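A short write-up of the structure that comes next.
The following block contains the structure:
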């Protein structure tokens, strides 16, 4: 699960400290009988949100700081396509590639989810997950919200075409469109 994961971990599970297992692309056999879910998001909106987040995302080295300071859309698109960048390392470029990877990328294991909610209906998705897990947590708190902007006002035709190419499977699988 990627989209909305901070809010889900904090709101439903009480934070990262209560997460028993993590997996990047591997879905252990023992998890197959457990409740599983994903929250998907319109790829255009998701791209803008992640781009906004990574402009201020934590860096650990001067090289990462320079990369972040000069981050362009083309840098992001190149990172998404660069299979030599690991998706599971604790550095800026790996985390960037992970956050921008299409939801249908095997690293997210969305195909294993028994329930798929939509970010655009966040409260409903949250309540559905509560029901799936068998408990209620109270009010829904959406963490790390980015500035609400309509992606249609920000994304030009050239970037739209690039995003459509990268996220074609997400658009088709989850029924999203421009």
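Numbering (this note's numbering), first residue to last: 23 to 200. Using N, Cα and C, we set each Cβ at its ideal position, and we do this for glycine too. Keep in mind the model is a prediction, meaning the values are calculated, not measured.
query	result
Report all residues from its chain with a CB closer than 8 Å to the CB of residue 86; omit the five preceding and five following residues, and keep chain order.	113, 114, 115
Starting from residue 149, follow the alpha helix (DSSP H) in both directions and report where the run begins and ends.	144-155
If you measure from the beta carbon of residue 135 to each beta carbon in chain B, is any gap under 8 Å?	Protein chain content of the structure displayed is limited to a single chain, and chain B is not contained in it.
State yes or no: is the C-beta of residue 120 within less than 8 Å of the C-beta of residue 98?	no
In whole angstroms, what separates the C-alpha of residue 23 from that of residue 84?	In this prediction, residue 23 has a pLDDT of 45, which is less than 50 and means its spatial position is unreliable; nothing more can be read from the coordinates.
Are the CB atoms of residue 70 and residue 173 nearer to each other than 8 Å?	yes
DSSP puts residue 160 in a beta bridge; with which residues?	None; residue 160 has no bridge partner.
Tell me which same chain residues have a C-beta within less than 6 Å of the C-beta of residue 136, skipping the five on either side of it?	58
What is the rounded straight-line gap between the Cα of residue 50 and the Cα of residue 139?	22 Å
For the alpha helix (DSSP H) containing residue 140, list its first residue and its last residue.	Run containing residue 140: none in the alpha helix (DSSP H); it sits in the beta strand (DSSP E), 137-140.
Just verifying my parser: in three-state terms, what is the DSSP assignment at residue 69?	helix
Per DSSP, what kind of secondary structure is residue 81 in: helix, strand or coil?	coil
Considering only residues of the same chain and omitting the five flanking positions on each side of residue 79, which have a CB-CB separation below 8 Å?	90, 114, 117, 118
What's the call for residue 148, buried or exposed, on a 16-neighbour Cβ count within 10 Å?	buried
Closer than 7 Å by C-beta to residue 184: which residues in its own chain qualify, once you throw out the five before and the five after it? Chain order, please.	99
Quick check on the burial criterion: 16 or more other C-beta atoms within 10 angstroms. Buried or exposed for residue 63?	buried
So who's on the other strand from residue 62, going by DSSP bridges?	140
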